[in-house]
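Residue numbers (the numbering used here): 196 to 641. Below you'll find the structure, written out as structure tokens, and then a few comments.
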């Protein structure tokens with residue numbers, strides 16, 4: 196690491212979701228070539244986490260990057276890559292179930308940086324008024340509250356104007372610290388009450404109220420005017436979808452929420468679900484648009500279907516590359532498959548267009564299909580190599596941030612490397628099969 200800069204609390208622009216108890220450390224890293232051999236980002240995070248946990252037991256740490264951290268906060272409203280929001284009005288009950296959720300998440304492989312945001316534990320002074328006792332002294336709860344608020348919190352009866360100027364200063368009236376800084380001192384606060392003769396007498400607060408020190412809420416998270424407790428976590432060395440699926444399955448078996456409580460998943464998983472929902476609309480529209488353009492070009496349903504038949508062939512290479520590299524399927528990989536569809540269809544157009552030109556010149560359809568596989572090999576390979584070379588650096592990159600671009604590059608490069616051989620072998624065979632069937636049908640008609 197080059198340096199360490201700390202930030203306590205939250206920024207003044209109101210964009211931080213963390214409270215005053217948040218501490219962040221910004222640590223720019225040295226160039227990759229200066230790192231120790233065999234150390235990558237994940238190992239560096241593991242080493243820092245192990246050392247910090249030994250030095251500061253009981254403190255929860257979260258490792259992220261500046262832009263990633265801001266995006267995660269904006270997406271989930273919690274400082275963490277992913278979060279579970281446990282909604283419930285009773286904070287004690289919600290805290291109890293939050294611990295159960297944390298234990299379940301801890302048993303899921305790949306889940307790291309797990310922590311429950313503590314909302315309870317703030318020492319709180321509770322003053323409970325005995326209405327019957329207060330009524331015997333002719334006091335209302337409002338009278339007692341006013342006296343307590345003035346004695347402890349202070350009251351502003353007016354302002355002090357500096358003579359000869361326009362400056363003014365608010366006047367705050369309250370008891371001295373030694374009369375309000377302990378439960379015993381507060382119980383001895385004097386409150387004016389009317390005695391039997393109509394005069395004013397001073398009685399201690401202990402006559403009409405009880406004072407107790409309890410554990411209250413240090414912070415309360417709210418969303419849409421509902422209380423919730425966040426449980427944050429990250430997913431490492433595993434794809435996000437399968438990790439969340441396993442966590443949800445275990446949660447359904449081991450955690451049964453009481454009535455009035457509910458659970459929501461937020462963060463990267465929520466973004467993934469939204470992206471998948473959008474892709475479920477975009478992908479069919481893309482395929483329909485490609486099919487329409489192909490039909491407009493060939494003016495034949497058969498040729499359109501033959502051109503679209505190369506799509507599964509290209510998918511084989513993309514899927515194989517993800518399995519071979521152990522890369523999880525995500526939004527980036529899905530976009531790569533969409534790009535692969537366009538490239539593979541273009542290769543199919545090259546083959547089918549040449550076939551149609553040969554048939555138009557009077558060649559036999561079977562012979563034309565065989566010649567397509569031989570003559571169109573060079574343009575198909577050149578098209579694939581040109582697309583492959585452009586994404587090969589992204590596929591081979593292992594630097595910080597490469598996890599975003601590598602799935603897309605793996606899919607496109609893997610599909611492009613495998614697709615030409617499958618297309619040049621299978622597509623001409625399909626053309627020959629369709630042509631033979633069409634020829635047989637024409638002979639029957641004749």
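Beta carbons are placed, not taken as given, at the ideal position from N, Cα and C, and that holds for glycine.
Beta-carbon proximity list for residue i, same chain, < 6 Å, skipping 5 on both sides
i	result
residue 276	267, 429, 462 and 463
residue 189	Residue coverage of the chain in this structure runs from 196 to 641, which leaves residue 189 outside it and unanswerable.
residue 567	546, 549, 550 and 623
residue 509	535, 539, 610 and 614
residue 342	386
residue 382	400, 401 and 406
residue 523	434
Sequence-distant residues of its chain with Cβ nearer than 7 Å to residue i (five each side left out)
i	result
residue 526	467 and 470
residue 305	430, 431, 432, 433 and 438
residue 328	402 and 403
residue 301	309
residue 638	With a pLDDT of 40 at residue 638, under the threshold of 50, the modelled position of this residue cannot be trusted; read the value that follows with caution. Taken in chain order, the list of residues that qualify is empty.
residue 574	545
Extent of the continuous alpha helix (DSSP H) to which residue i belongs
i	result
residue 585	572 to 591
residue 245	236 to 250
residue 449	435 to 449
residue 369	Element bounds for residue 369: n/a, residue is neither H nor E.
residue 454	Careful: residue 454 lies outside any alpha helix (DSSP H) and carries neither H nor E.
residue 382	378 to 382
Closest Cα partner of residue i within the set the options
i	options	result
residue 222	233, 239 and 231	239
residue 332	400, 256 and 245	400
residue 281	483, 252 and 418	418
residue 591	542, 322, 516 and 576	516
residue 288	573, 358 and 423	423
residue 582	485, 537, 420 and 339	537
residue 578	326, 367, 533 and 543	543
residue 347	384, 235 and 552	384
residue 311	326, 318, 292 and 322	292
residue 497	626, 339 and 228	626
residue 370	361, 477, 382 and 349	349
residue 528	228, 357, 474 and 201	474
residue 243	253, 233 and 258	258
residue 440	290, 303, 200 and 219	303
residue 436	454, 455, 460 and 374	460
Cut-off 8 Å between Cβ atoms - residues of its own chain near residue i, not counting five sequence neighbours on either side
i	result
residue 589	597, 600, 601, 603 and 604
residue 378	320, 406, 407 and 408
residue 225	196 and 197
residue 299	442, 445, 446, 449 and 450
residue 636	Residue confidence is low: residue 636 scores 47 on pLDDT, short of 50, so the model does not pin down where it sits. No coordinate-derived value is stated.
Residue range of the beta strand (DSSP E) that includes residue i
i	result
residue 258	Per DSSP, residue 258 belongs to no beta strand (DSSP E) and is neither H nor E.
residue 298	No beta strand (DSSP E) contains residue 298, which is instead part of the alpha helix (DSSP H) from 286 to 301.
residue 322	315 to 324
residue 505	Careful: residue 505 lies outside any beta strand (DSSP E), inside the alpha helix (DSSP H) at 505 to 520.
residue 309	306 to 311
residue 219	218 to 221
Reduced DSSP category for residue i - H, G, I as helix; E, B as strand; rest coil
i	result
residue 649	Since the displayed the chain opens at 196 and closes at 641, residue 649 lies outside it and no answer follows.
residue 277	strand
residue 625	helix
residue 427	strand
residue 357	coil
residue 393	coil
residue 552	helix
residue 338	helix
residue 417	strand
residue 196	coil
residue 346	helix
residue 405	strand
residue 201	strand
residue 232	coil
residue 422	strand
residue 524	coil
residue 410	strand
residue 385	strand
residue 226	coil
residue 647	The structure shown does not extend to residue 647, since the chain is modelled only from 196 through 641, so no value can be given for it.
residue 557	coil
residue 283	coil
Anticipated Cβ contact below 8 Å, residue i with residue j, distance rounded
i	j	result
residue 386	residue 395	Not quite, the Cβ-Cβ distance comes to about 10 Å (not below 8 Å), so this is no contact.
residue 546	residue 618	7 Å
residue 273	residue 413	Not a contact, Cβ separation roughly 16 Å.
residue 501	residue 629	7 Å
residue 351	residue 365	5 Å
residue 278	residue 426	7 Å
residue 354	residue 344	Actually they do not touch by this definition, with Cβ atoms about 19 Å apart.
heavy atom of the ligand GDP below 6 Å from residue i C-beta
i	result
residue 559	Inclusion of the ligand GDP in the displayed structure is not the case, the ligand content being empty and no account of it being possible.
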